[in-house]
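Here the protein sequences come in this chain order: A and B. To convert, note that position 281 of the first sequence is 281 in the UniProt record's numbering; the numbers rise steadily by one, no gaps. To convert, note that position 70 of the second sequence is 70 in the UniProt record's numbering; the numbers rise steadily by one, no gaps. Built from N, CA and C at the ideal position, the CB exists for glycine as well. Model, not experiment: these values are computed from the prediction.
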Amino acid sequence: MAPSTGTAEARAAEPQGEAAHFERTVARDQRIEPRDWMPDAYRATMVRQIAQHAHSEIIGMQPEGVWITRAPSLRRKAILLAKVQDEAGHGLYLYSAAETLGADRSELTAKLISGRQKYSSIFNYPTLTFADVGVIGWLVDGAAICNQVPLCRSSYGPYARAMIRICKEESFHQRQGYELLMTLMRGTDAQREMVQDAVNRWWWPSLMMFGPPDADSTHTAQSMAWKIKRHTNDELRQRFVDMSVPQADALGVTLPDPDLRWNAERGHHDFGEIDWSELKRVISGDGPCNAERVAVRRAAHEDGAWVREAAAAHAAKQEAR
Amino acid sequence: MDKDWPLYEVFVRGKRGLNHVHVGSLRAPDDTMALRNARDLYTRRNEGVSIWVVPARDITASSPDEKDPFFAPSGDKVYRHPTFYDIPENVPHI
């Protein structure tokens with residue numbers, strides 16, 4: 001233990017007050033903790049981001065969950081079950097982090113099932129074959145890892161700690177997906193085609209997961225200043241493309257982009273223009289599965305009401321004894 | 001409804017010889033369910049050998065508002081640290 005740094009005189013010279021203390025904490029790369037003073041807009045941004053992230057994990061159980069009963073072996077069933085259970089866990093870590101900011105958990109759920117809060121656009125695409133399960137692990141979870149690793153250093157303590165836990169578990173998700181695809185690629189021509197078809201459908205939506213281009217991103221500048229975000233959408237997207245190209249080669253699939261090529265000058269891969277109108281459409285509710293995803297979540301919540309009530313009644317009865 | 005389920009803070013002992021460490025929170029109708037949920041939520045990969053769950057309302061915490069005066073008593077007592085004392089280089093094992 002070192003004696004505390006900074007003399008009384010140095011402290012006296014610093015601007016005082018809550019706002020100054022907040023700015024100083026962020027500037028020093030220290031974490032903001034739940035009971036600290038924070039600007040209202042910082043709190044609102046964190047609640048929005050964490051809730052949206054939590055909702056994504058919860059809704060993200062659906063596209064893969066539907067394949068649990070149809071997984072081709074007990075091994076794949078067990079893996080998929082564990083993976084979907086992890087997604088539920090990630091959602092719960094994040095709701096717990098949101099609650100430290102004063103958000104109400106049941107209110108967040110109410111906002112999700114009434115369509116007032118969003119979740120990641122990627123989960124509004126259907127999973128047509130079992131190869132989709134592999135591609136989601138490889139590309140969708142791969143993109144999520146790209147996004148989430150820097151969030152482990154996010155300025156809000158409970159969020160950063162949840163992200164550390166989540167990132168550790170995401171690595172299993174990505175590897176099981178890639179291994180699943182390698183297995184299919186060693187199979188028949190039909191199985192290889194199935195993988196390529198899944199890659200064709202998921203590649204562009206995966207790139208959209210990083211959000212709109214920097215020029216159109218409304219939250220990026222402020223979030224970077226507050227160190228909620230550490231990299232811009234375009235930086236992370238580029239990193240993901242550069243990571244994915246050699247993985248696609250090793251797998252033996254083609255990424256569906258004729259403009260994708262190595263640019264020695266930039267030291268990065270160039271890639272084609274993303275169809276931003278598609279992202280807008282899916283975000284605004286008009287994706288292939290938006291209505292179904294929210295309806296399934298709402299039904300699960302409503303059908304489970306009696307369980308929550310029974311548990312509460314049991315607890316009340318035990319306490320009365 | 002889940003609104004009425006109290007919030008529990010969860011502490012996990014990672015392995016024998018370590019302290020319980022705060023890992024997060026959850027909502028549960030009672031202590032038993034809180035413990036079971038904590039096992040499923042925070043120890044899916046052998047992260048712990050022991051779990052404590054504590055209703056969040058029972059925790060008394062220092063207030064960040066009184067941060068400076070509250071911790072002030074330890075701030076000016078540099079003599080509590082071993083580095084405060086100058087010992088000649090030629091004195092071993094100290």
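Taking the alpha-carbon positions, what's the residue i to residue j distance?
i: P158(A); j: Q191(A); result: 43 Å
i: R297(A); j: T109(A); result: 9 Å
i: R70(A); j: Q247(A); result: 27 Å
i: S96(A); j: R27(B); result: 9 Å
i: H53(A); j: F11(B); result: 24 Å
i: A221(A); j: L74(A); result: 47 Å
i: G14(B); j: S74(B); result: 30 Å
i: E235(A); j: D4(B); result: 43 Å
i: E64(A); j: G177(A); result: 11 Å
i: L49(B); j: R16(B); result: As written in the sequence, residue 49(B) is Val, which differs from the Leu given in the question. Distance between the alpha carbons of V49(B) and R16(B) is about 7 Å.
i: V282(A); j: I50(A); result: 20 Å
i: D141(A); j: W67(A); result: 17 Å
i: D2(B); j: L35(B); result: In this prediction, D2(B) scores a pLDDT of 44, lower than 50, which makes its location untrustworthy; the coordinate-derived value is nonetheless stated afterwards. If I take the Cα positions, the gap works out to 17 Å.
i: K227(A); j: V26(A); result: 7 Å
i: R186(A); j: L251(A); result: 10 Å
i: V23(B); j: E89(B); result: 43 Å
Can you tell me where the alpha helix (DSSP H) with residue i in it begins and where it stops?
i: A132(A); result: Here the sequence assigns Asp to residue 132(A), which means Ala is not the residue at that position. Note, D132(A): alpha helix (DSSP H), F130 to V135.
i: V42(B); result: The sequence shown places Tyr at residue 42(B), not Val. Unbroken alpha helix (DSSP H) run through Y42(B): D31 to Y42.
i: D303(A); result: N290 to D303
i: F22(A); result: E18 to A27
i: R13(B); result: Careful: R13(B) lies outside any alpha helix (DSSP H), inside the beta strand (DSSP E) at L7 to R13.
i: R270(A); result: It is Asp, not Arg, that sits at residue 270(A) in the sequence shown. Looking at the DSSP string, D270(A) is not in any alpha helix (DSSP H); the run it does join, the beta strand (DSSP E), is H268 to D270.
Strictly under 8 Å for the Cβ-Cβ distance: is residue i near chain B by that measure?
i: S96(A); result: yes
i: H53(A); result: no
i: Y159(A); result: no
i: R35(A); result: yes
i: Y93(A); result: yes
i: G89(A); result: yes
Tell me where the beta strand (DSSP E) around residue i begins and ends.
i: N263(A); result: R261 to N263
i: P55(B); result: S50 to P55
i: G24(B); result: H20 to R27
i: D189(A); result: D189(A) -> not in any beta strand (DSSP E); alpha helix (DSSP H) instead, spanning D189 to M208.
Tell me which same chain residues have a C-beta within less than 8 Å of the C-beta of residue i, skipping the five on either side of it?
i: L260(A); result: V241, V245, H269, D270, F271 and G272
i: residue 322(A); result: Since the first residue of chain A shown is 1 and the last is 321, residue 322(A) is not available in this structure.
i: I136(A); result: P63, E64, T127, G177 and W202
Once the 5 residues before and after residue i are set aside, which same chain residues still bring their CB inside 6 Å of it?
i: I58(A); result: G91
i: S62(B); result: F70
i: A316(A); result: none
Could you tell me whether any Cβ in chain A is nearer than 8 Å to the Cβ of residue i?
i: K15(B); result: no
i: P64(B); result: yes
i: residue 159(B); result: There is simply no residue 159(B) to check, as chain B begins at 1 and stops at 94 in what is shown.
i: W52(B); result: no
i: D4(B); result: yes
Could you pull out every residue in the same chain whose Cβ sits closer than 7 Å to the Cβ of residue i, ignoring the five residues on either side in sequence?
i: P288(A); result: N124, Y125 and P126
i: P55(B); result: P6 and Y8
i: Y79(B); result: none
For residue i, verify whether its CB is less than 7 Å away from any heavy atom of the ligand MN.
i: G157(A); result: You won't find the ligand MN in this model; it holds no ligand whatsoever.
**OP:** Check each residue of the stretch 18 to 39 of chain B: if its Cβ is closer than 7 Å to any Cβ of chain A, include it; give the result in chain order.
**Re:** Taking 7 Å as the cut-off between beta carbons, the residues of the stretch 18 to 39 of chain B near chain A are G24, S25, L26, R27, P29, D30 and M33, in sequence order.
Original post:
What residues in the stretch 96 to 120 of chain A have a beta carbon less than 9 Å from any beta carbon of chain B?
Top reply: For the stretch 96 to 120 of chain A, the residues whose beta carbon sits under 9 Å from a beta carbon of chain B are, in order, S96, A97, E99, T100, D104, R105, S106, E107 and T109.
Subject >> chain B contacts from the stretch 285 to 317 of chain A (Cβ-Cβ distance under 8 Å) >> reply: For the stretch 285 to 317 of chain A, the residues whose beta carbon sits under 8 Å from a beta carbon of chain B are, in order, A305, R308, E309, A311, A312, H314 and A315.
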